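> Encoded as structure tokens, here's the structure I'll be asking about.
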Amino acid sequence: MSLAITLHLLAAVIWVGGMFFAWMILRPVAVELFEPPQRLTLWYRAFQRFFPWVWAAVVVLLATGLWMLFGVFGGMGGAGIHVHLMLVSGLAMMAIFLHIWFAPYPRLGKAMAAEDWPAGGRQLGQIRRLIGINLILGLATVAIATGGRFL
Numbered sequence: 001m002s003l004a005i006t007l008h009l010l011a012a013v014i015w016v017g018g019m020f021f022a023w024m025i026l027r028p029v030a031v032e033l034f035e036p037p038q039r040l041t042l043w044y045r046a047f048q049r050f051f052p053w054v055w056a057a058v059v060v061l062l063a064t065g066l067w068m069l070f071g072v073f074g075g076m077g078g079a080g081i082h083v084h085l086m087l088v089s090g091l092a093m094m095a096i097f098l099h100i101w102f103a104p105y106p107r108l109g110k111a112m113a114a115e116d117w118p119a120g121g122r123q124l125g126q127i128r129r130l131i132g133i134n135l136i137l138g139l140a141t142v143a144i145a146t147g148g149r150f151l
């Protein structure tokens, strides 16, 4: 259990912390300092580095979450409501990430290659909104994970 919970927590911190940094810190600075072509390039390159970490986090979160659910709690029936909520919110976050990965992110790459800055801006806007939703879900999931069984 100690290995599973440690890996689970580290994966969540990497994913949610990365979204928090991107949304609350990097985005306002990028808007302040860069024109659209440079801003889109910054974001696309940042996503190229961040998204492999998200993929790793998704794999680790699923593997360790299921390991704890079935190996420690004995299945869904042995888990508290907070574990059920974590599972649902985590799966929703993963679905949103998959949508980003397979839809607006490749379109952003195509717009960048074509130097179509308005199209790239639309795709970046969609990614930004989806990451914002995932950030809210991620922060709520952290709150549920840490305090859920005491509520």
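Residue numbering for the sequence shown follows full-length UniProt numbering, beginning at 1 and increasing consecutively. Ideal Cβ placement from N, Cα and C applies to all residues, glycine included. These numbers were taken from a predicted model, which means no experiment stands behind them.
Can you say whether A145 is buried or exposed, counting buried as having 16 or more other CB atoms within 10 angstroms of its CB?
Buried, because 16 or more other Cβ atoms sit within 10 Å of the Cβ of A145.
> Go to R49, then tell me how far its alpha helix (DSSP H) extends in each direction, as first and last residue.
From DSSP, the alpha helix (DSSP H) with R49 extends over P36 to G71.
> Pop quiz: F97 and V59 are said to be a contact at Cβ under 8 Å. What is the actual Cβ separation, rounded to whole angstroms?
Contact flag wrong, Cβ pair sits at about 12 Å.
> When you compare each of G138, L130 and F21 to Y105 by their alpha carbons, which one comes out closest?
Checked all of G138, L130 and F21; the closest Cα to Y105 is L130.
> What would DSSP say about M93, mapped onto helix, strand or coil?
Here M93 sits in helix by DSSP.
> Beta-carbon within less than 8 Å of L137's beta-carbon, same chain only, minus the 5 sequence neighbours each way: which residues are those?
For L137, where only same-chain residues beyond five positions count, the Cβ hits under 8 Å are S89, A92, M93 and I96.
> Quick check on DSSP: helix, strand or coil for L151?
Looking at L151 - three-state DSSP - the assignment turns out to be coil, as it is neither helix nor strand.
> So A46 and R39 are supposed to be a Cβ contact under 8 Å. How far apart are they, rounded?
About 11 Å; that fails the 8 Å criterion.
> Determine the burial state of T141: buried for a count of at least 16 other Cβ atoms within 10 Å of its Cβ, exposed for fewer.
The residue is buried, with at least 16 neighbouring Cβ atoms inside 10 Å.
> Taking the C-alpha atoms as reference points, what is the distance between A119 and F51?
Rounded to the nearest angstrom, the two C-alpha atoms are 21 Å apart.
> What does the Cβ neighbour count give for M19, buried or exposed, with the cut at 16 atoms within 10 Å?
The residue in question, M19, is buried, as its Cβ has 16 or more Cβ neighbours within 10 Å.
> Would you mind giving the Cβ-Cβ distance between L26 and F34, rounded to the nearest angstrom? I have them listed as a contact below 8 Å.
That belief does not hold up - the Cβ atoms of L26 and F34 are roughly 11 Å apart, past 8 Å.
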